[in-house]
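Colleague: Have a look at the structure that comes next, please.
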Amino acid sequence: MKEKIVIVGAGGFGREVEWLLNRVNRFNILGYIDDNIIKGTQITDLNVIGNIDDISKLDDEINIVIAIGNSITRKKIVEKIKKIKKVKFPNIIDPSVIIDEKFLKGEGNIICAGTIATVNIKINNFNIINLDCTIGHDVEVKDFVTIYPSVNISGNVILNNCIEIGTGTQIIQGKVINENSIIGAGSVVIRDIESNVTAVGVPTRILQK
Ligand SMILES: CC(C)(COP(=O)(O)OP(=O)(O)OC[C@H]1O[C@@H](n2cnc3c(N)ncnc32)[C@H](O)[C@@H]1OP(=O)(O)O)[C@@H](O)C(=O)NCCC(=O)NCCS
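For what it's worth, my numbering labels the leading residue of the sequence shown as 149, then goes sequentially.
Spelled out as C-alpha cells, the structure:
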C-alpha cells in the first residue's frame, strides 16, 4: 500500500512537487496544506485540506513534503511542524536523478528531474535541488539550501545553511557560500560569499542594502 503524504505549499512549486511525487509513484497524495489559501480550494485534482495547525489532526504515519523555495520560510515551517506533531519528512528524488543515495542521510530533501551529482557529496536536510543541476565531487550542501534550476556547482564547494542560488548560476571549485546569502540568477561565483548578502552578476558583486 502507498504511504500517505501531504504537500505544504500550494503555489507553482507545490504543483511541480505533486508532479514529482506522481513520477516517484510511492505515495498516496492527500492534498495541500497552505496557511494562505482557504481550505477546500481546488489546486489541481487535489484541494487544500487545511493549514499548518491542521497537521496535528492528520494520522500518525503521515509524510510531509515542504514545497516552498524560500529557505528561511521553509525553515520556519519545518520548526513549527516539528513542534506540532512527529511526522516523517521523506527525501523525494525524481527517478531521472543520477545520485548515489548513500549521500542522502538526512530528511526532507527534494531533488527534481535531470540533476546529476557525482562522488563523495554530502547533502544534509530540507534542501531543494531544482531541475537540471550538476553537483561535482566532494560538495557539501548543509540545511535549508535552495538551488534553483540549471545551477552548476563545481567540486569541493560548500553551501551553508539557508542560502538560495538563482537559476543558471555557476560556482567554481572550492568556493564557500555562507549562511542566509542569495546568489542572483545567472551569476558566476569565483570568490567565497560572506553570510547575509545578496550577490549578483558575472563575476558576482555584492548588492548594497
Ligand atoms: C538577486 C535577486 C534576489 C535580487 O532581487 P532584488 O533584491 O529584488 O533586487 P532588484 O531587482 O531590486 O535589483 C537590484 C539591482 O541588482 C541587479 N540585479 C538583480 N538581479 C540580478 C541578477 N540576477 N544578475 C545581475 N544583476 C541583478 C538589478 O539590475 C539592480 O541593479 P541596479 O541597482 O544597478 O539597477 C533577484 O534578482 C534574483 O536574481 N533572484 C533569483 C530568482 C531565481 O533564480 N528564481 C528561480 C525560480 S525557479
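A virtual CB, placed ideally from N, CA and C, is assigned to each residue, including glycine.
(1) Looking only at its own chain, which residues have a Cβ that is under 7 Å from the Cβ of Gly-262, when we skip the five neighbours before and after it?
(2) Beta carbon of Val-235: closer than 7 Å to some heavy atom of ligand 1?
(3) For Pro-351, verify whether its CB is less than 7 Å away from any heavy atom of ligand 1.
(4) Just tell me which of Asn-184, Ile-338, Asp-207 and Lys-231 has its CA closest to the CA of Val-196.
(5) Cβ atoms of Ile-216 and Ile-225: under 8 Å apart, would you say?
(6) Would you say the region 289-300 touches the region 234-244, given that touching needs at least three Cβ pairs under 8 Å?
(7) For Gly-182, count neighbouring C-beta atoms within 10 Å of its own C-beta (all shown protein chains included) and say buried if the count is 16 or more, exposed if not.
(8) With a Cβ-Cβ cutoff of 8 Å, do Ile-214 and Val-154 count as a contact?
(9) For Val-221, does the three-state DSSP call read helix, strand or coil?
(10) I need the straight-line Cα distance from Leu-307 to Val-324, nearest angstrom please.
(11) Could you check whether the Cβ of Pro-263 sits closer than 7 Å to any heavy atom belonging to ligand 1?
(12) Kindly indicate which three-state DSSP category Gly-198 falls into: helix, strand or coil?
(13) With distances taken from CA atoms, which of Glu-151, Asp-201 and Met-149 is nearest Lys-230?
Modeller: For this structure:
(1) Indexing the sequence shown from 1 puts residue 262 at position 114. Cβ within range, chain order: Ser-244, Leu-279 and Asp-280.
(2) For the purposes of this step, residue 235 is taken as residue 87 along the sequence shown, with counting starting at 1. No, ligand 1 has no heavy atom inside 7 Å of this Cβ.
(3) One-based indexing of the sequence shown puts residue 351 at position 203. The answer is no for Pro-351.
(4) The residue you call residue 196 lines up with position 48 of the sequence shown. Closest by alpha carbon: Asn-184.
(5) As a first step, residue 225 is located in the sequence shown; it is residue number 77 there, counting from the start. As a first step, residue 216 is located in the sequence shown; it is residue number 68 there, counting from the start. A contact, by the Cβ cut-off of 8 Å.
(6) no
(7) Locating residue 182 in the sequence shown gives position 34, counting from the first residue. One point to set straight first is that residue 182 is Asp, not Gly, in the sequence displayed. Classification for Asp-182: buried.
(8) Here the question's residue 214 lines up with position 66 in the sequence shown. Here the question's residue 154 lines up with position 6 in the sequence shown. The answer is no: Cβ separation not under 8 Å.
(9) In the sequence shown, counting from the first residue as 1, residue 221 sits at position 73. It is worth fixing the name first, because residue 221 is Thr in this sequence and not Val. Thr-221 falls in the helix class under three-state DSSP.
(10) Residue mapping note: residue 307 aligns to position 159 of the sequence shown, counting from 1. Residue mapping note: residue 324 aligns to position 176 of the sequence shown, counting from 1. Each residue's alpha carbon lies about 6 Å from the other.
(11) Taking the first residue of the sequence shown as 1, we reach residue 263 at position 115. Checking the sequence shown, residue 263 turns out to be Thr, not Pro. No, Cβ of Thr-263 sits at least 7 Å from all heavy atoms of ligand 1.
(12) As a first step, residue 198 must be located in the sequence shown, where it is residue number 50. Here Gly-198 sits in strand by DSSP.
(13) Numbered from its first residue, the sequence shown carries residue 230 at position 82. It is Asp-201.
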